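**Q**
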Amino acid sequence: MSAMPLRDPTPPDADTGALLDTLVARMEAQGFRVKVCSRFEEALTDVRRTIQDRGWRTVALPKALPSLADGIAGTTPPAEAEFGLNVAEGAVTAAGSVVVRQHAGQGRALSLLPPATGFLVPRQGVVADLVQLFARFDAEGETLPAAITLIAGPSKTADIELELCVGVHGPKEVYVWLY
83 MSAMPLRDPT
93 PPDADTGALL
103 DTLVARMEAQ
113 GFRVKVCSRF
123 EEALTDVRRT
133 IQDRGWRTVA
143 LPKALPSLAD
153 GIAGTTPPAE
163 AEFGLNVAEG
173 AVTAAGSVVV
183 RQHAGQGRAL
193 SLLPPATGFL
203 VPRQGVVADL
213 VQLFARFDAE
223 GETLPAAITL
233 IAGPSKTADI
243 ELELCVGVHG
253 PKEVYVWLY
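When you line the sequence shown up against this note's numbering, it's residues 83 to 261, in that order.
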């Protein structure tokens with residue numbers, strides 16, 4: 083099975099501006115750290131800068147991004163990584179969630195196991211709601227993978243005393259680069 087190709091970034095049209103603003107606001111409210119970039123290359127530059135600034139020495143990458151590894155020392159499997167970078171399909175504005183299709187080049191471990199994870203999210207993959215998301219999948223005419231995951235921010239749970247705990251069952255820090 084080949085790795086999923088990256089989408090060609092295109093600027094949003096006028097109708098998408100409000101959708102993107104709403105998406106960013108909802109994501110930030112849920113604990114995502116969102117960076118809006120004008121191009122894919124700008125997003126990759128900011129990913130590298132974030133990795134360096136945070137001091138992460140071990141990074142897990144999807145197979146679709148081998149060129150990113152050139153600027154990053156210490157690429158490693160997700161279970162051993164401090165940070166995992168994922169290529170997202172898009173995002174659902176109503177849920178403030180990132181949409182990820184799992185496949186051979188990017189399994190669930192990449193977004194679940196590292197204590198910090200990030201997503202490269204193409205603007206043209208942003209939809210208003212789940213109805214639009216599945217209509218888009220139908221229009222593509224492809225067989226859907228075994229897993230499509232909607233990620234709604236850092237892992238959150240509450241203990242028996244109802245105190246919120248972040249990062250217990252998944253990443254504590256979640257980054258989004260919207261391009």
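In this text, a Cβ means the ideal position worked out from N, Cα and C, and glycines have one as well. In this text, all values refer to a predicted model and were calculated from it rather than measured experimentally.
Beta-carbon separation of Ala176 and Ala210 under 8 Å?
**A** yes
**Q** Apart from the five residues on each side of it in sequence, which residues of its chain come closer than 7 Å, Cβ to Cβ, to Asp128?
**A** If we look at Asp128 and ignore the five residues flanking it on each side, its Cβ neighbours are Lys117, Cys119 and Trp259.
**Q** Thinking C-alpha only, which one of Ala234, Arg183, Thr199 and Glu224 is nearest Val106?
**A** Ala234
**Q** Have a look at Ser84 and Ala186 and give me their C-alpha separation to the nearest angstrom.
**A** Its pLDDT being 43, under 50, Ser84 is placed unreliably in this model, and the coordinates cannot settle the point.
**Q** How should Gly252 be labelled, buried or exposed, when 16 other C-beta atoms within 10 angstroms of its C-beta is the threshold for buried?
**A** buried
**Q** On the three-state DSSP scale, how would you describe Ser193?
**A** helix
**Q** Give the C-beta separation of Glu124 and Tyr261 to the nearest angstrom, bearing in mind that I take them to be a contact with Cβ-Cβ under 8 Å.
**A** A Cβ-Cβ distance of about 7 Å is found for the pair Glu124 and Tyr261, placing them in contact under the 8 Å criterion.
**Q** With distance defined between alpha-carbon atoms, name the residue in Ile230, Arg131, Gly99 and Ala198 nearest to Gln184.
**A** Ile230
**Q** When you compare only the Cα positions, how much space is there between Phe216 and Glu224?
**A** 12 Å
**Q** Can you give me the C-alpha to C-alpha distance between Gly178 and Gln112, rounded to a whole angstrom?
**A** 8 Å
**Q** Checking 8 Å against the spacing of the C-beta atoms, do Ala146 and Leu195 come in under that value?
**A** no
**Q** When you compare each of Leu126, Asp135 and Gly137 to Leu167 by their alpha carbons, which one comes out closest?
**A** Leu126
**Q** Spatial neighbours of Pro144 within its chain, please: C-beta separation below 8 Å, excluding the five flanking residues on both sides.
**A** Ala85, Leu167, Asn168, Val169, Gly187, Gln188 and Leu192
**Q** With distance defined between alpha-carbon atoms, name the residue in Val256, Ala221, Arg136 and Val181 nearest to Lys238.
**A** Val256
**Q** Give me the Cα-Cα distance between Thr132 and Arg139, rounded to the nearest whole angstrom.
**A** 12 Å
**Q** Below 7 Å CB to CB, which residues in the same chain sit around Leu226 once its five sequence neighbours on both sides are set aside?
**A** Phe219
**Q** Suppose the cutoff is 7 Å on Cβ atoms and the five residues either side in sequence are ignored; what does the same chain contact list for Leu101 look like?
**A** Thr175, Val208 and Ala210
**Q** Name the two residues that bound the continuous alpha helix (DSSP H) containing Glu255.
**A** First-last for Glu255: Glu255 to Leu260, but that is the beta strand (DSSP E), not the alpha helix (DSSP H).
**Q** May I have a chain-ordered list of the beta strand (DSSP E) segments no shorter than 3 residues that lie completely inside the stretch 100 to 184?
**A** 114 to 118, 165 to 169, 172 to 174 and 179 to 183
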